[in-house]
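One structure is given here, and the rest of the page talks about it.
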Amino acid sequence: MFYIDTLIFIFATCLVLINGQEDVCYKTSDNCQNIRESTKRYLFYDINPSEGFNLRRDVYMRMAILVNKLKNSPNQMLNSFILVLPPWSHLIHWGYSESPEYIPWSTFFDIESLRKFAPVMDLYEYFTELKHNKYTKLLIHTVYILQHFEDMFKSGRFEDKWNIEKCQRPPKLRFFHYANITSKNIQCLSFHGPSTKLIEIFKQDESRTIMIEYAEVALHDTFGGSVYWKARRSMRFNVKLRQIAKEFRREFLNSTDSNDNTHLPIDWRDEKPKRSAKGGPYLAIHLRRQDFLRGRPDQVPDLKSVADQISKKLVELNLTKVFIATDAPLSEYNELQKFLNPNHETFKYVPSIEVENEFFSGGIAIIDQIICSYARYFMGTAESTFSFRIQEEREILGFPTKTTFNVLCKDENHCEKPSIWKIVY
Numbered sequence: 001m002f003y004i005d006t007l008i009f010i011f012a013t014c015l016v017l018i019n020g021q022e023d024v025c026y027k028t029s030d031n032c033q034n035i036r037e038s039t040k041r042y043l044f045y046d047i048n049p050s051e052g053f054n055l056r057r058d059v060y061m062r063m064a065i066l067v068n069k070l071k072n073s074p075n076q077m078l079n080s081f082i083l084v085l086p087p088w089s090h091l092i093h094w095g096y097s098e099s100p101e102y103i104p105w106s107t108f109f110d111i112e113s114l115r116k117f118a119p120v121m122d123l124y125e126y127f128t129e130l131k132h133n134k135y136t137k138l139l140i141h142t143v144y145i146l147q148h149f150e151d152m153f154k155s156g157r158f159e160d161k162w163n164i165e166k167c168q169r170p171p172k173l174r175f176f177h178y179a180n181i182t183s184k185n186i187q188c189l190s191f192h193g194p195s196t197k198l199i200e201i202f203k204q205d206e207s208r209t210i211m212i213e214y215a216e217v218a219l220h221d222t223f224g225g226s227v228y229w230k231a232r233r234s235m236r237f238n239v240k241l242r243q244i245a246k247e248f249r250r251e252f253l254n255s256t257d258s259n260d261n262t263h264l265p266i267d268w269r270d271e272k273p274k275r276s277a278k279g280g281p282y283l284a285i286h287l288r289r290q291d292f293l294r295g296r297p298d299q300v301p302d303l304k305s306v307a308d309q310i311s312k313k314l315v316e317l318n319l320t321k322v323f324i325a326t327d328a329p330l331s332e333y334n335e336l337q338k339f340l341n342p343n344h345e346t347f348k349y350v351p352s353i354e355v356e357n358e359f360f361s362g363g364i365a366i367i368d369q370i371i372c373s374y375a376r377y378f379m380g381t382a383e384s385t386f387s388f389r390i391q392e393e394r395e396i397l398g399f400p401t402k403t404t405f406n407v408l409c410k411d412e413n414h415c416e417k418p419s420i421w422k423i424v425y
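The sequence shown runs 1 to 425 under UniProt numbering.
So this is what it looks like as structure tokens:
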């Protein structure tokens, strides 16, 4: 990629080589700006359709850390990448309709905050930037479908490596539930290693648009390290979702940032290490039911046991209010309330029709997570990524670890304590 200026002509010309093609523009025209824009490269990615909202957030971090490293590369072919965020559609836990929702990331997250860590854009922004629309045919230059090495788990040799191999599953020909987003160059990539190992491939492939399918196969570079936490801290929620949760805390739980010592700076980069958060005067519970009842019956306590654990903890903490985030049907929630001490107040967030229409199931789950994050004490569900995300939020807010890393137990003999992942700055 290079520019040549000459004074021989009245109008100097700019030449740019991209993927072997030469474009020419005149400095007095708008064409030059278009050519400079064309030096950008775009990295798309997607995940196994069966994965839920909170694991998808974790895979985003792996991709964002990759693009963050690319951004800081001296190689212009690498530092020009922008991460294109896959729209949220057809998530199993959301009870979706037949038609894809195509929900942009900006519905749930503060995009400008994400961009302070890595160059990212929503898919609709990509269409806009290239003067396309959602009906324009988009041909992605190269698609890599990640897959595990077939002999890796048998041999036990988990060395970092990659190789183009035969596809282990039939490849998709359409992406993000769009009929018009496809590719003519799809390759299956057996892969083991951190997401940043993909840079080795990007050095060899000069395609302007590259897609990584089944991106969850790529791992974190260093799980829980300072770069991990920078990516995580940048993932601030949509401002309106935060405001809805803030108003609920104030109205029903007597909880404000001033009283709870939970103020955060406007920019996550200005956050400082602390362990001084007090939290609102309520206990927060994340009670995972539905799929955990089917898949982990030996770990999930019955409702009477849950009520006993809540009551005991409220007495221990000298609190009277408990907030419950749960995927349980209303009948189970009502049954749980009957087991609780009538002197204790139980709260559950019930969205208005307007909130449901604007933020969908994902936004309502985020409001639950925010409210749980600000509680005096939190008890989650073992091995639930929903609970783990709340624990991360509480680490960012600066809560003592003993008030955060706690779970509801099956019984006294079956209580798997969660791993403690402390924040690193």
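Even glycine gets a Cβ: it sits at the ideal position worked out from N, Cα and C. Owing to the predicted nature of the structure, the values given are computational and were not obtained by experimental measurement.
Which whole runs of the alpha helix (DSSP H) in the region 315-339 are 4 residues long or more, in chain order?
-> 330-339
Give the straight-line distance between the Cα atoms of Arg394 and Gln243, rounded to the nearest whole angstrom.
-> Sequence index remark: in the sequence shown, residue 394 carries index 394 (1-based). Sequence index remark: in the sequence shown, residue 243 carries index 243 (1-based). Roughly 17 Å between the two C-alpha positions.
Below 7 Å CB to CB, which residues in the same chain sit around Ser373 once its five sequence neighbours on both sides are set aside?
-> Position 373 of the sequence shown, counted from the first residue, corresponds to residue 373. If we look at Ser373 and ignore the five residues flanking it on each side, its Cβ neighbours are Ile390, Glu393, Arg394, Leu397.
Going by Cα to Cα distance, which pick from Ser387, Pro418, Thr404, Tyr126 is closest to Phe53?
-> Within the sequence shown, the letter at position 53 stands for residue 53. Among Ser387, Pro418, Thr404, Tyr126, the Cα nearest to that of Phe53 is on Ser387.
Determine the burial state of Gly295: buried for a count of at least 16 other Cβ atoms within 10 Å of its Cβ, exposed for fewer.
-> Taking the sequence shown and counting its residues from 1, the one referred to as residue 295 is at position 295. Gly295 is exposed by the Cβ-count criterion.
6 Å Cβ shell around Tyr425 - same chain, five flanking residues per side excluded = For the purposes of this step, residue 425 is taken as the residue at position 425 of the sequence shown. Correct list, in chain order: Pro273.
How many Å lie between Thr251 and Gln337 at the Cα?
-> Within the sequence shown, the letter at position 251 stands for residue 251. Within the sequence shown, the letter at position 337 stands for residue 337. Strictly speaking, residue 251 in this sequence is Glu, with Thr absent from that position. Approximately 21 Å, taken between the alpha carbons.
Say whether chain C places a C-beta atom closer than 8 Å to the C-beta of Ala365.
-> Considering every chain present, this structure includes no chain C. It has just one protein chain.
Have a look at Ile201 and Thr222 and give me their C-alpha separation to the nearest angstrom.
-> What you label residue 201 is simply residue 201 of the sequence shown in a count that begins at 1. What you label residue 222 is simply residue 222 of the sequence shown in a count that begins at 1. Rounded to the nearest angstrom, the two C-alpha atoms are 20 Å apart.
Note down the Cα distance separating Ala375 from Trp229, rounded to an integer number of angstroms.
-> Numbered from 1 along the sequence shown, position 375 holds the residue referred to as residue 375. Numbered from 1 along the sequence shown, position 229 holds the residue referred to as residue 229. Approximately 21 Å, taken between the alpha carbons.
In three-state DSSP terms, what is Phe360?
-> In the sequence shown, the residue the question calls residue 360 occupies position 360. Here Phe360 sits in helix by DSSP.
Reduced DSSP category for Cys25 - H, G, I as helix; E, B as strand; rest coil | Residue 25 sits at position 25 when you count from the first residue of the sequence shown. The predicted model places Cys25 with a pLDDT of 32, which falls under 50 and marks its position as unreliable; any figure quoted below should be read in that light. Residue state, collapsed to three classes: strand.
Three or more C-beta pairs closer than 8 Å, one from the region 109-118 and one from the region 66-73: is that the case here?
-> yes
So, do the region 75-82 and the region 406-417 have three or more beta carbon pairs nearer to each other than 8 Å?
-> As far as the Cβ criterion goes, the region 75-82 does not touch the region 406-417, which means the pair count is below three.
Whether Asn254 touches Ala277 by CB criterion (8 Å) | As a working mapping, residue 254 is identified with position 254 in the sequence shown. As a working mapping, residue 277 is identified with position 277 in the sequence shown. Cβ distance not < 8 Å, so Asn254 and Ala277 don't count as in contact.
Can the beta-carbon of Leu130 be found closer than 8 Å to that of Pro86?
-> Looking up residue 130 in the sequence shown gives position 130. Looking up residue 86 in the sequence shown gives position 86. No; because the gap between Cβ atoms is not below 8 Å, this pair is not in contact.
Do the region 166-173 and the region 192-208 make contact, defined as three or more Cβ pairs closer than 8 Å?
-> Two segments are said to touch when three or more pairs of C-beta atoms, one from each, lie closer than 8 Å; by this definition the region 166-173 does not touch the region 192-208.
What beta strand (DSSP E) runs, 3 residues minimum, are completely inside the region 86-165?
-> Counting only runs of at least 3 residues, the region 86-165 fully encloses the following beta strand (DSSP E) elements, listed from N- to C-terminal order: 120-122, 142-147, 161-165.
Quick one, which of Tyr42, Cys188, Ala284, Phe237 has its alpha-carbon nearest Leu264's?
-> Your numbering for residue 264 matches position 264 in the sequence shown. Comparing Cα positions, the closest option is Phe237.
Of the choices Pro418, Val143, Ser195, Ala307, whose alpha-carbon is the least far from that of Ile164?
-> Sequence index remark: in the sequence shown, residue 164 carries index 164 (1-based). Here the closest residue by C-alpha is Val143.
Helix, strand or coil at Gly280 according to DSSP, with G and I counted as helix = As a working note, residue 280 is residue 280 in the sequence shown. It is a strand residue.
Exposed or buried, which one is residue 426 when buried takes at least 16 other CB atoms within 10 Å?
-> What the structure shows of the chain is the stretch from 1 to 425, and residue 426 is not part of that stretch, so it cannot be assessed.
Give a yes or no on whether the C-beta atoms belonging to Ala284 and Phe339 are separated by under 8 Å.
-> Reading the sequence shown from its first residue, position 284 is the one you call residue 284. Reading the sequence shown from its first residue, position 339 is the one you call residue 339. Their beta carbons are not under 8 Å apart, which means Ala284 does not touch Phe339 by this criterion.
Excluding the 5 residues preceding and the 5 following Asn343 in the sequence, name in chain order all residues of the same chain whose CB lies nearer than 8 Å to its CB.
-> Counted from its first residue, the sequence shown places residue 343 at position 343. Leaving aside the five residues that flank Asn343 on each side, the residues in its chain whose CB is nearer than 8 Å to its CB run, in chain order, Thr320.
Among Gly156, Gln168, Lys161, Lys154, which has the Cα closest to the Cα of Ser147?
-> Translated into the one-based positions of the sequence shown, residue 147 becomes position 147. Reading off the sequence, residue 147 comes out as Gln, not Ser. Nearest C-alpha to Gln147: Gln168.
Determine, using beta carbons only, whether Phe405 and Ile423 come nearer to each other than 8 Å.
-> Counted from its first residue, the sequence shown places residue 405 at position 405. Counted from its first residue, the sequence shown places residue 423 at position 423. No, the Cβ-Cβ distance between Phe405 and Ile423 is not below 8 Å.
Where do the ends of the beta strand (DSSP E) carrying Gln391 lie?
-> By 1-based counting over the sequence shown, the position of residue 391 is 391. Element bounds for Gln391: not the beta strand (DSSP E) but the alpha helix (DSSP H), 385-397.
For Gly380, does the three-state DSSP call read helix, strand or coil?
-> Reading the sequence shown from its first residue, position 380 is the one you call residue 380. It is a strand residue.
Sheet register partners of Cys188 (DSSP bridge) | Numbered from 1 along the sequence shown, position 188 holds the residue referred to as residue 188. Cys188 pairs with Ile145, Glu165.
Would you decide whether Ser190 is buried or exposed? Buried here means 16 or more other CB atoms lie within 10 Å of its CB.
-> One-based indexing of the sequence shown puts residue 190 at position 190. Answer is buried; the Cβ neighbour count reaches 16.
Classify Arg275 as helix, strand or coil using the three-state DSSP reduction.
-> As a working note, residue 275 is residue 275 in the sequence shown. Looking at Arg275 - three-state DSSP - the assignment turns out to be coil, as it is neither helix nor strand.
Does the beta-carbon distance from Leu241 to Gly363 come in below 8 Å?
-> Reading the sequence shown from its first residue, position 241 is the one you call residue 241. Reading the sequence shown from its first residue, position 363 is the one you call residue 363. Their beta carbons are under 8 Å apart, which means Leu241 touches Gly363 by this criterion.
Contacts around Ser207, its chain only, beta-carbon distance under 6 Å, and the 5 residues preceding and following it disregarded = Working through the sequence shown from its first residue, we reach residue 207 at position 207. So the qualifying residues of the chain are His141, Thr142.
Kindly indicate the opening and closing residues of the beta strand (DSSP E) around Tyr60.
-> In the sequence shown, residue 60 corresponds to position 60, counting from 1. From DSSP, Tyr60 is part of no beta strand (DSSP E) but of the alpha helix (DSSP H) over 53-71.
Near Thr381, which residues of its chain fall below 7 Å by C-beta distance, leaving aside the five closest residues on each side in sequence?
-> Here residue 381 refers to the residue found at position 381 when the sequence shown is read from its first residue. If we look at Thr381 and ignore the five residues flanking it on each side, its Cβ neighbours are His286, Leu287, Arg288, Phe292, Ser387, Val407, Leu408.
Whose C-alpha, out of Lys402, Ile370, Asn185, Val84, is nearest the C-alpha of Asp257?
-> Sequence index remark: in the sequence shown, residue 257 carries index 257 (1-based). Its Cα nearest to that of Asp257, the residue Ile370 stands out among Lys402, Ile370, Asn185, Val84.
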